[in-house]
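First residue of the sequence shown: 24, per our numbering; consecutive thereafter.
We put the CB at the ideal spot given by N, CA and C, even for glycine.
Here the structure comes first, spelled out in C-alpha coordinates, and everything after it is commentary.
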Amino acid sequence: MANKKKRKQAISRKFETSDSTFTENFRHILTVTIVVLVILGIFYLLTVYLINRDEDNTTKEVDTNNSKIQYEEIMAGSSFSISEDQYIVLYYDKSDEELSNDIDPAMTSYEHEKDISIYTVDLSKALNQSVVSTESNPNPSKASDLAINGETLILFSQGEVEEYIEGKDSILEYLGE
(Lines of atoms letter the chains of each structure in order from A and count residues from 1; the text may use other names and numbers.)
(Lines give C-alpha, C1' and ligand atoms only; values in the text may rest on other atoms or scores of the structure.)
Protein backbone atom coordinates (compact mmCIF):
# COMPACT_ATOMS: atom_id res chain seq x y z
CA MET A 1 0.00 0.00 0.00
CA ALA A 2 2.83 2.34 0.84
CA ASN A 3 4.40 1.56 -2.51
CA LYS A 4 1.13 2.38 -4.25
CA LYS A 5 0.90 5.68 -2.40
CA LYS A 6 4.52 6.56 -3.27
CA ARG A 7 3.89 5.63 -6.88
CA LYS A 8 0.77 7.87 -7.00
CA GLN A 9 2.76 10.73 -5.43
CA ALA A 10 5.59 10.25 -7.97
CA ILE A 11 3.12 10.20 -10.85
CA SER A 12 1.36 13.25 -9.42
CA ARG A 13 4.71 15.09 -9.13
CA LYS A 14 5.60 14.03 -12.66
CA PHE A 15 2.30 15.52 -13.98
CA GLU A 16 2.83 18.71 -11.96
CA THR A 17 6.39 18.97 -13.31
CA SER A 18 5.27 18.33 -16.88
CA ASP A 19 2.39 20.83 -16.45
CA SER A 20 4.75 23.53 -15.20
CA THR A 21 7.28 22.68 -17.94
CA PHE A 22 4.50 22.88 -20.53
CA THR A 23 3.35 26.21 -19.08
CA GLU A 24 6.90 27.58 -19.09
CA ASN A 25 7.47 26.40 -22.68
CA PHE A 26 4.14 27.86 -23.78
CA ARG A 27 4.98 31.21 -22.15
CA HIS A 28 8.40 31.18 -23.82
CA ILE A 29 6.92 30.42 -27.24
CA LEU A 30 4.23 33.06 -26.77
CA THR A 31 6.82 35.67 -25.71
CA VAL A 32 9.06 34.93 -28.71
CA THR A 33 6.06 35.07 -31.07
CA ILE A 34 4.95 38.44 -29.68
CA VAL A 35 8.49 39.87 -29.94
CA VAL A 36 8.81 38.66 -33.56
CA LEU A 37 5.41 40.15 -34.46
CA VAL A 38 6.33 43.48 -32.88
CA ILE A 39 9.63 43.58 -34.79
CA LEU A 40 7.88 42.72 -38.07
CA GLY A 41 5.29 45.41 -37.35
CA ILE A 42 8.01 48.00 -36.79
CA PHE A 43 9.73 47.03 -40.06
CA TYR A 44 6.41 47.20 -41.89
CA LEU A 45 5.62 50.67 -40.54
CA LEU A 46 9.14 51.91 -41.37
CA THR A 47 8.84 50.55 -44.89
CA VAL A 48 5.46 52.17 -45.44
CA TYR A 49 6.78 55.47 -44.05
CA LEU A 50 9.89 55.42 -46.25
CA ILE A 51 7.96 54.48 -49.37
CA ASN A 52 5.35 57.17 -48.78
CA ARG A 53 8.08 59.70 -48.09
CA ASP A 54 9.77 59.00 -51.41
CA GLU A 55 6.65 58.27 -53.41
CA ASP A 56 7.03 57.99 -57.14
CA ASN A 57 3.63 59.46 -58.01
CA THR A 58 3.62 62.86 -56.36
CA THR A 59 2.46 66.00 -58.06
CA LYS A 60 3.95 69.46 -58.05
CA GLU A 61 1.58 72.31 -58.58
CA VAL A 62 2.84 75.41 -60.33
CA ASP A 63 0.64 78.48 -60.15
CA THR A 64 1.27 80.80 -63.09
CA ASN A 65 -1.24 83.43 -64.16
CA ASN A 66 -3.87 81.93 -61.86
CA SER A 67 -3.89 78.63 -63.74
CA LYS A 68 -2.75 75.45 -62.08
CA ILE A 69 -0.68 72.99 -64.04
CA GLN A 70 0.49 69.85 -62.38
CA TYR A 71 3.67 67.98 -63.17
CA GLU A 72 3.52 64.39 -62.20
CA GLU A 73 6.74 63.22 -60.69
CA ILE A 74 7.58 59.67 -61.64
CA MET A 75 10.40 57.27 -60.97
CA ALA A 76 12.95 56.95 -63.75
CA GLY A 77 12.08 53.29 -64.23
CA SER A 78 8.51 54.11 -65.25
CA SER A 79 9.53 56.46 -68.09
CA PHE A 80 8.71 53.92 -70.78
CA SER A 81 5.47 52.64 -69.24
CA ILE A 82 3.26 55.73 -69.47
CA SER A 83 0.14 54.99 -71.50
CA GLU A 84 -0.07 58.26 -73.45
CA ASP A 85 0.77 58.44 -77.14
CA GLN A 86 3.19 61.33 -76.74
CA TYR A 87 4.70 62.81 -73.59
CA ILE A 88 7.87 64.39 -72.24
CA VAL A 89 9.95 63.21 -69.32
CA LEU A 90 12.33 65.76 -67.87
CA TYR A 91 15.17 64.43 -65.73
CA TYR A 92 16.84 66.93 -63.44
CA ASP A 93 17.95 67.59 -59.88
CA LYS A 94 15.00 69.30 -58.23
CA SER A 95 17.05 70.16 -55.17
CA ASP A 96 18.95 72.69 -57.34
CA GLU A 97 16.71 75.74 -56.80
CA GLU A 98 18.34 77.84 -59.52
CA LEU A 99 17.81 75.08 -62.08
CA SER A 100 14.20 74.55 -60.94
CA ASN A 101 13.52 78.28 -61.15
CA ASP A 102 14.65 78.26 -64.78
CA ILE A 103 13.06 75.01 -65.94
CA ASP A 104 9.68 75.08 -64.12
CA PRO A 105 8.30 78.21 -65.86
CA ALA A 106 9.48 76.91 -69.23
CA MET A 107 7.67 73.62 -68.63
CA THR A 108 4.52 75.50 -67.62
CA SER A 109 4.38 77.62 -70.75
CA TYR A 110 5.32 74.72 -73.06
CA GLU A 111 2.68 72.41 -71.61
CA HIS A 112 0.11 75.19 -71.78
CA GLU A 113 0.91 75.99 -75.43
CA LYS A 114 1.50 72.50 -76.80
CA ASP A 115 -1.01 70.50 -74.74
CA ILE A 116 1.44 67.68 -74.07
CA SER A 117 1.96 66.01 -70.71
CA ILE A 118 5.27 66.60 -68.98
CA TYR A 119 6.52 64.21 -66.32
CA THR A 120 9.52 64.90 -64.14
CA VAL A 121 12.13 62.64 -62.58
CA ASP A 122 14.00 64.05 -59.60
CA LEU A 123 17.58 62.85 -59.98
CA SER A 124 18.39 63.86 -56.40
CA LYS A 125 16.18 61.08 -55.03
CA ALA A 126 17.86 57.84 -54.07
CA LEU A 127 15.38 55.70 -56.02
CA ASN A 128 16.41 57.42 -59.27
CA GLN A 129 20.18 57.16 -58.77
CA SER A 130 20.33 53.97 -60.84
CA VAL A 131 19.93 55.99 -64.07
CA VAL A 132 22.48 58.67 -63.22
CA SER A 133 25.68 58.07 -65.16
CA THR A 134 28.85 59.83 -66.27
CA GLU A 135 28.03 58.93 -69.88
CA SER A 136 24.56 59.31 -71.31
CA ASN A 137 22.72 56.90 -73.59
CA PRO A 138 20.73 58.94 -76.14
CA ASN A 139 19.09 55.81 -77.61
CA PRO A 140 17.51 53.86 -74.75
CA SER A 141 14.89 51.33 -75.76
CA LYS A 142 13.78 50.35 -72.26
CA ALA A 143 14.02 51.70 -68.72
CA SER A 144 17.09 49.62 -67.87
CA ASP A 145 18.96 51.28 -70.78
CA LEU A 146 18.52 54.78 -69.34
CA ALA A 147 21.80 56.54 -68.58
CA ILE A 148 21.27 60.18 -67.67
CA ASN A 149 24.16 62.63 -67.36
CA GLY A 150 22.72 65.89 -66.04
CA GLU A 151 19.56 67.65 -67.13
CA THR A 152 17.86 65.66 -69.87
CA LEU A 153 14.57 65.96 -71.72
CA ILE A 154 13.20 62.95 -73.57
CA LEU A 155 10.21 63.16 -75.87
CA PHE A 156 8.47 59.79 -76.01
CA SER A 157 6.14 58.80 -78.81
CA GLN A 158 4.30 55.48 -78.60
CA GLY A 159 6.61 54.45 -75.74
CA GLU A 160 9.81 55.02 -77.76
CA VAL A 161 12.37 57.81 -77.61
CA GLU A 162 11.69 60.36 -80.34
CA GLU A 163 13.95 63.17 -79.12
CA TYR A 164 16.75 63.22 -76.56
CA ILE A 165 17.98 66.64 -75.41
CA GLU A 166 20.73 67.25 -72.86
CA GLY A 167 21.81 70.38 -71.02
CA LYS A 168 19.86 73.19 -69.42
CA ASP A 169 20.29 75.64 -72.31
CA SER A 170 19.22 73.12 -74.96
CA ILE A 171 16.20 72.10 -72.88
CA LEU A 172 15.15 75.72 -72.37
CA GLU A 173 15.56 76.35 -76.09
CA TYR A 174 13.40 73.30 -76.90
CA LEU A 175 10.73 74.43 -74.42
CA GLY A 176 10.71 77.86 -76.04
CA GLU A 177 12.41 79.94 -73.38
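Inset, instruction - Answer yes or no: do Tyr-142 and Val-184 have a C-beta to C-beta separation smaller than 8 Å? - result: no
Legend entry - Inter-residue spacing [alpha-carbon to alpha-carbon] between Arg-50 and Leu-69: 29 Å
Legend entry - Integer Cβ distance of Tyr-115 from Ile-126, believed to fall under 8 Å: 6 Å
Legend entry - Residue range of the beta strand (DSSP E) that includes Thr-175: 175-180
Inset, instruction - Could you tell me the distance, in whole angstroms, from the CA atom of Gly-64 to the CA atom of Ser-118? - result: The straight-line gap from Cα to Cα measures roughly 33 Å.
Legend entry - Sub-8 Å separation of Pro-163 and Leu-169 beta-carbons: Using a Cβ distance threshold of 8 Å, Pro-163 and Leu-169 count as a contacting pair.
Inset, instruction - Inspect the CB distances between the segment 141-157 and the segment 92-107 and report whether three or more fall short of 8 Å. - result: Segment contact: the segment 141-157 against the segment 92-107, three or more CB-CB distances shorter than 8 Å; contact assigned.
Legend entry - Backbone secondary structure at Thr-46 - three-state DSSP: helix
Legend entry - Extent of the continuous alpha helix (DSSP H) run through Asp-116: Per DSSP, Asp-116 belongs to no alpha helix (DSSP H) and is neither H nor E.
Inset, instruction - With a threshold of 16 other CB atoms inside 10 Å of the CB of Phe-179, please say whether the residue is buried or exposed. - result: buried
Inset, instruction - Would you kindly report the start and end of the unbroken beta strand (DSSP E) that includes Glu-107? - result: Careful: Glu-107 lies outside any beta strand (DSSP E) and carries neither H nor E.
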